[in-house]
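The block underneath contains the structure these notes are about, expressed in structure tokens.
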Amino acid sequence: PQLYKQMAIASDFDRVFEVGPVFRAENSNTRRHLCEFVGLDMEMSLGYHYDEVIEVLHAMFVHIFDGLETRCAPELAAVRAQFPSDKPRCAERPTVVHWEEAEAMLAEDGAEAPPGLSDLSTAQERRLGELVAAKYGVDLYFLDRFPAAARPFYTMPAPDDPDYSNSYDIFLRGEEICSGAQRIHDPSMLEEAIAAKGVAVGPALSTYIESMRYGMPPHGGAGIGLERLVFLYLNLDNVRKASMFPRDPNRCSP
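Numbering-wise, the sequence shown is residues 986 to 1239 according to the working numbering.
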């Protein structure tokens, strides 16, 4: 839904959200990947800074977590009798770790090498989550300023260094549950970014770019995987336990 969320912002919707199925043709055979999941997507226009999206997302997660513990206490107790877990720790305000700080933390720790301008490996994610939990006392945090090379073409580059971007992932118990960013809202800049990534501009992208020519406010958003959120909230050992009919590269039925 990414392109369509942004086109809705161009249509003068200040904030939009979407809940629907997502299908991914990835041969990822891990404990946290599914080929079909429920996507929770949001997009919003910005007043001053993309931190506004981070503030909204953090408040949303805190509200969800508090609501689960109060309104769903009997259901949680039943699950936790078989799969023990505690409520994830969250700060009152968003805990934001910038990429440069994350690299320094990993380098000082020495257990996992810093990623440089590449994406994090699973081992790096988990070790960084442990380090953040020890330093800040939280299980939910934002990793901000991802390397531009690791992000899609519509991601806004950082104004102070084009090697980085105005983008973030959200981590729960050391694993990613959400990716988000400020998006490029200038059509000429977007065309340059698409060309730089070597992406072909077909009919879908042409319509997407054209929607911005009539005025597009600065905006940003995020996409959340529901099953992965449930899996990590309950501290389960496999995301398949958070899906009624899990679909992965080796299972399409029932």
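Note that beta-carbon positions come from the ideal geometry of N, C-alpha and C, so glycine has one too. All of these numbers come straight from a predicted model, not from anything done at the bench.
Which same chain residues end up closer than 7 Å to residue i when comparing Cβ atoms and leaving out the 5 residues on each side of it in sequence?
{"i": "Q1242", "result": "Any question about residue 1242 goes unanswered here, given that the chain covers just 986 to 1239."}
{"i": "M992", "result": "Y1193, S1196"}
{"i": "L1102", "result": "P1132, A1134, D1148"}
{"i": "A1058", "result": "none"}
{"i": "G1122", "result": "R1074"}
{"i": "V1215", "result": "A1227"}
Name, in chain order, the residues that DSSP records as bridge partners for residue i.
{"i": "P1234", "result": "DSSP output for P1234 lists no bridge partner at all."}
{"i": "M1029", "result": "R1000, G1205"}
{"i": "I1155", "result": "F1127, C1163"}
{"i": "P1132", "result": "Y1149"}
{"i": "V1007", "result": "F1022"}
{"i": "V1081", "result": "F1127"}
{"i": "R1065", "result": "Bridge partners of R1065: none, in fact."}
If I measure Cβ to Cβ from residue i and keep anything under 6 Å in the same chain, skipping five residues before and after, which residues do I get?
{"i": "R1009", "result": "C1020"}
{"i": "E1054", "result": "K1072"}
{"i": "D999", "result": "S1030"}
{"i": "F1127", "result": "I1039, P1079, V1081, Y1153, I1155"}
{"i": "H1043", "result": "P1079"}
Who are the Cβ neighbours of residue i in its own chain at under 8 Å, not counting the five residues just before and after it?
{"i": "P1147", "result": "A1133"}
{"i": "E1176", "result": "V1186, I1194"}
Is residue i buried or exposed, if buried means 16 or more other CB atoms sit within 10 Å of its CB?
{"i": "K990", "result": "buried"}
{"i": "A1180", "result": "exposed"}
{"i": "N1235", "result": "exposed"}
{"i": "G1187", "result": "exposed"}
{"i": "I1049", "result": "exposed"}
{"i": "V1184", "result": "exposed"}
{"i": "Y1033", "result": "exposed"}
{"i": "M1027", "result": "buried"}
{"i": "N1014", "result": "exposed"}
{"i": "T1107", "result": "exposed"}
{"i": "Q1067", "result": "exposed"}
{"i": "Y1035", "result": "buried"}
{"i": "S1150", "result": "buried"}
Contact criterion: CB-CB distance below 8 Å. Does residue i meet it with respect to chain D?
{"i": "A1135", "result": "Protein chains in the displayed structure number just one, and chain D is not present."}
Would you mind reading off the limits of the beta strand (DSSP E) that contains residue i?
{"i": "V1047", "result": "Element bounds for V1047: not the beta strand (DSSP E) but the alpha helix (DSSP H), 1036-1056."}
So residue i packs on residue j, CB below 8 Å; how close in whole Å?
{"i": "L1217", "j": "R1158", "result": "5 Å"}
{"i": "R1074", "j": "D1124", "result": "5 Å"}
{"i": "M1029", "j": "H1170", "result": "Actually they are not in contact, since the Cβ atoms of M1029 and H1170 sit about 12 Å apart, beyond 8 Å."}
{"i": "G1024", "j": "G1005", "result": "6 Å"}
{"i": "G1114", "j": "G1165", "result": "G1114 to G1165, Cβ: 18 Å. No contact."}
{"i": "N1223", "j": "R1016", "result": "5 Å"}
{"i": "I1162", "j": "R1213", "result": "5 Å"}
{"i": "M1141", "j": "A995", "result": "Their Cβ separation, rounded to whole angstroms, is 15 Å, which puts M1141 and A995 out of contact at 8 Å."}
Grab the span of the alpha helix (DSSP H) containing residue i for me, first residue to last.
{"i": "V1215", "result": "1211-1218"}
{"i": "V1186", "result": "That residue, V1186, is in no alpha helix (DSSP H); it is neither H nor E in DSSP."}
{"i": "P1117", "result": "The sequence shown places Val at residue 1117, rather than the Pro named in the question. Segment 1107-1121, the alpha helix (DSSP H) holding V1117."}
{"i": "D1094", "result": "1084-1094"}
{"i": "Y989", "result": "987-995"}
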